[in-house]
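Peer 1:
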Amino acid sequence: MERAIELAGFFAAHGIWCVSDGETLIPMLAQESAANGRSMLRFEAEQLEDGVAQAQAHFESNPDGADRATLVYDGYITLPTGRTDALCVVIRSYASPVATLTMAVPYRHAESPDGFAVHRPKFVEWQGGSNPDYQAFGEAFFRGVDSHREASAVWTEHNDDSV
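Numbered per full-length UniProt numbering, the sequence shown spans residues 1 to 163.
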């Protein structure tokens, strides 16, 4: 699962880089396997929800036979401070037993009076065969973030852990 979470960190960082200038993120599905390496698909549609639904269907069916995948899309999370923009990150290891981790990376929109900021990632849901090691998951996620040189620089520059 840690390799899947590293993959997610890389593509979540890429997503943060994309939204840092105020754009809505086109849903992304990153896949990785020993046979085919790493790839990324974007699901552009008239309505964001349609693109997310298409990406989710691909993620669930795994027609490319990926070993691991992550789905990243623009959405919201409700925090104690209220409804907040967030990248929704769904991570799956297709190895038996299949495990799925859902995270959110809250951010302050670039058009906010205070400007763009990226907040501390949140673990939302775990579906797996054993108890999750959230410390190890967090370390793996940030290894992935740090492996994306350009995006990790944006993340670091705009980091705000107050939320």
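Backbone N, C-alpha and C define an ideal beta-carbon position, used for all residues, glycine too.
All of these numbers come straight from a predicted model, not from anything done at the bench.
DSSP beta-bridge partners for A127?
Peer 2: To locate residue 127, count along the sequence shown from 1; it is residue 127. This sequence places Gln at residue 127; Ala is not what is there. Answer by DSSP bridge pairing, in chain order: T100.
Peer 1: Just to confirm before moving on: does the CB-CB distance between A117 and R108 stay below 7 Å?
Peer 2: Counted from its first residue, the sequence shown places residue 117 at position 117. Counted from its first residue, the sequence shown places residue 108 at position 108. Result yes, Cβ atoms of A117 and R108 sit closer than 7 Å.
Peer 1: So, at 6 Å on beta carbons, what are the nonlocal neighbours of I5 in its own chain, with the 5 sequence-adjacent residues on each side left out?
Peer 2: Taking the first residue of the sequence shown as 1, we reach residue 5 at position 5. So the qualifying residues of the chain are I91, F137, A140, F141.
Peer 1: Note down the Cα distance separating A30 from A55, rounded to an integer number of angstroms.
Peer 2: As a working mapping, residue 30 is identified with position 30 in the sequence shown. As a working mapping, residue 55 is identified with position 55 in the sequence shown. Each residue's Cα considered, the two are about 10 Å apart.
Peer 1: Do you know whose CA, among V105, E150, S20, N62, lies nearest V72's CA?
Peer 2: Along the sequence shown, read from residue 1 onward, the residue named residue 72 stands at position 72. Closest option to V72, Cα to Cα, is V105.
Peer 1: For A12 versus L79, is the C-beta spacing smaller than 7 Å?
Peer 2: The count along the sequence shown starts at 1 and reaches residue 12 at position 12. The count along the sequence shown starts at 1 and reaches residue 79 at position 79. No, they are not a contact pair.
Peer 1: Using three-state DSSP, classify residue 175 as helix, strand or coil.
Peer 2: Here the chain covers residues 1 to 163 and nothing more, so residue 175 does not appear.
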